[in-house]
Amino acid sequence: MSGRVGDLSPRQKEALAKFRENVQDVLPTLPNPDDYFLLRWLRARSFDLQKSEAMLRKTGNKIETITLIYDCEGLGLKHLWKPAVEAYGEFLCMFEENYPETLKRLFVIKAPKLFPVAYNLIKPFLSEDTRKKIMVLGANWKEVLLKYVSPDQLPVEYGGTMTDPDGDPKCKSKINYGGDIPKKYYVRDQVKQQYEHSVQISRGSSHQVEYEILFPGCVLRWQFMSDGSDIGFGIFLKTKMGERQRAGEMTEVLANQRYNAHLVPEDGTLTCSDPGIYVLRFDNTYSFIHAKKVSFTVEVLLPDKASEEKMKQLGAVTPK
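Residue 0 is where the sequence shown starts when you use this note's numbering, and the numbers rise one by one after that.
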């Protein structure tokens, strides 16, 4: 049996009744002390009455808010993939709508130079009150964390004294550090991607799309697919304004190469180090027989200026 309401074994029902009797003195101080609430404690301790009661009585305080620590080590351009950002944004919206004012404060540590761009993408999903609770910490982040979190509740890895029973300073038995998703879980081929633009590129020709970048630090993000055959793709910086230039006349920023975008849709990002007109060039000049249909979406991502200034003050961590 699952140990949930409506799915209890006789032994679990007996344990629930006994548990309610044992904690009768503190029930008035608990939030919604119904069967759903009490079963959470029992399941957490495998229906061990003594351990469940000890856990419930441990602090005697209601837990109303939480403190989060966002470790941004490893944050890179690959994390700006549009579907992932949108999914994360939806999660943040659901969190705020269903658990309002649950967040006490959020610490961002090891933030790379890319952080202002990433933050600007999710900022629209956050309320103004939530934004005020976000603190981006510098190199002394361990010292700052200890001002807000008890050492025995903070892993050694983050400046505290807590370890796993085996001495692991990262407390991996309590914290899931994530990592790369195994390829066997990829569902890319099962997802129908919608694109903003579609163009037919004649045989022996190319198609250029221009985007003006006004200041350094902006990020170009693109997704594209072709029908029936591969397509060339590269990014260039114009050397003359107001006129179309050939690829050889422009500064190459991302080397042109052929992609099997008819088999697997392509996506990528580029941090623009210089202002100017960036040209995304779809190349079909090598094909003397077939025209190519290309569907694509391109966006210019702007860094959040406030967090960018904060990063400059703190000294940004170079992304790996």
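Note that beta-carbon positions come from the ideal geometry of N, C-alpha and C, so glycine has one too.
Beta-carbon separation (whole angstroms), residue i vs residue j, contact threshold 8 Å
i: proline 302; j: valine 116; result: 5 Å
i: aspartate 266; j: tryptophan 221; result: 7 Å
i: isoleucine 200; j: valine 293; result: 6 Å
i: proline 150; j: threonine 162; result: Not a contact, Cβ separation roughly 11 Å.
i: threonine 321; j: isoleucine 65; result: Here the chain covers residues 0 to 319 and nothing more, so residue 321 does not appear.
i: leucine 41; j: leucine 15; result: 7 Å
i: glycine 75; j: leucine 113; result: 7 Å
i: leucine 7; j: asparagine 119; result: Actually they do not touch by this definition, with Cβ atoms about 48 Å apart.
Distance CB(residue i)-CB(residue j) smaller than 7 Å
i: valine 218; j: threonine 268; result: yes
i: serine 205; j: arginine 280; result: yes
i: phenylalanine 235; j: glutamate 211; result: no
i: alanine 260; j: arginine 202; result: no
i: leucine 334; j: leucine 105; result: Beyond the ends of the chain as shown, which are 0 and 319, falls residue 334; an answer cannot be given.
i: phenylalanine 214; j: proline 164; result: no
i: isoleucine 121; j: glycine 88; result: yes
i: lysine 331; j: glutamate 156; result: Given a span of 0 to 319 for the chain in the structure shown, any question on residue 331 remains unanswerable.
i: proline 264; j: methionine 224; result: yes
i: glutamate 52; j: asparagine 21; result: yes
i: lysine 343; j: glycine 158; result: It is not possible to answer for residue 343, since the shown part of the chain is limited to 0 through 319.
i: phenylalanine 295; j: tyrosine 194; result: yes
Limits of the beta strand (DSSP E) - the one that residue i falls within
i: isoleucine 22; result: In the sequence as displayed, the identity of residue 22 is valine instead of isoleucine. Careful: valine 22 lies outside any beta strand (DSSP E) and carries neither H nor E.
i: aspartate 266; result: 265–270
i: lysine 103; result: 102–108
i: leucine 262; result: Per DSSP, leucine 262 belongs to no beta strand (DSSP E) and is neither H nor E.
i: methionine 93; result: Looking at the DSSP string, methionine 93 is not in any beta strand (DSSP E); the run it does join, the alpha helix (DSSP H), is 81–97.
i: aspartate 282; result: 275–282
i: threonine 129; result: Not the beta strand (DSSP E): threonine 129 falls in the alpha helix (DSSP H), residues 127–131.
i: leucine 236; result: 230–236
i: threonine 296; result: 291–300
i: proline 219; result: The question names proline, yet the displayed sequence has leucine at residue 219. Per DSSP, leucine 219 belongs to the beta strand (DSSP E) from 218–225.
Option nearest residue i by Cα separation, candidates the options
i: valine 208; options: Gly233, Thr238, Gly159 and Thr101; result: Gly233
i: isoleucine 108; options: Val143, Leu125, Leu91 and Glu63; result: Val143
i: glutamine 49; options: Leu67, Ser225, Phe18 and Lys103; result: Phe18
i: glutamine 11; options: Leu37, Asp24, Pro30 and Thr28; result: Leu37
i: alanine 138; options: Glu242, Asp70, Tyr35 and Phe295; result: Asp70
i: methionine 249; options: Ile276, Ser126 and Asn119; result: Ile276
i: valine 278; options: Ala305, Arg39, Glu63 and Glu298; result: Glu298
Assigned exposure category for residue i - 16 Cβ within 10 Å defines buried
i: lysine 319; result: Residue placement at lysine 319 is poorly supported in this model, since its pLDDT is 35, which falls under 50; the coordinates still yield a value, given next. Under this definition lysine 319 is an exposed residue.
i: tyrosine 184; result: exposed
i: alanine 254; result: exposed
i: isoleucine 288; result: exposed
i: valine 4; result: exposed
i: alanine 110; result: buried
i: proline 154; result: buried
i: alanine 315; result: Annotation note: pLDDT 49 at alanine 315 (below 50); position unreliable, coordinate value reported separately. When all chains shown are included, alanine 315 counts as buried.
i: glycine 231; result: buried
i: leucine 79; result: buried
i: phenylalanine 90; result: exposed
i: leucine 125; result: buried
i: valine 25; result: exposed
i: threonine 317; result: Any answer about threonine 317 is weak, because its pLDDT of 39 lies below 50 and its placement is not dependable; what the coordinates show is given next. Exposed, since its Cβ has fewer than 16 Cβ neighbours within 10 Å.
i: methionine 93; result: exposed
i: serine 1; result: exposed
i: serine 45; result: exposed
i: lysine 171; result: exposed
i: serine 286; result: buried
i: glycine 178; result: exposed
i: lysine 304; result: exposed
i: lysine 57; result: exposed
Residue i, enclosing alpha helix (DSSP H) - first and last residue
i: alanine 254; result: Counting along the chain, alanine 254 falls outside any alpha helix (DSSP H), though it belongs to the beta strand (DSSP E) covering 250–258.
i: arginine 39; result: 34–43
i: valine 116; result: 114–121
i: valine 56; result: Here residue 56 is arginine; the residue named in the question, valine, does not match the sequence. Arginine 56 -> alpha helix (DSSP H) spans 48–56.
i: leucine 145; result: 140–147
Below-7 Å beta-carbon distance, residue i vs any chain D residue
i: serine 228; result: Here there is only one protein chain, and chain D is not present.
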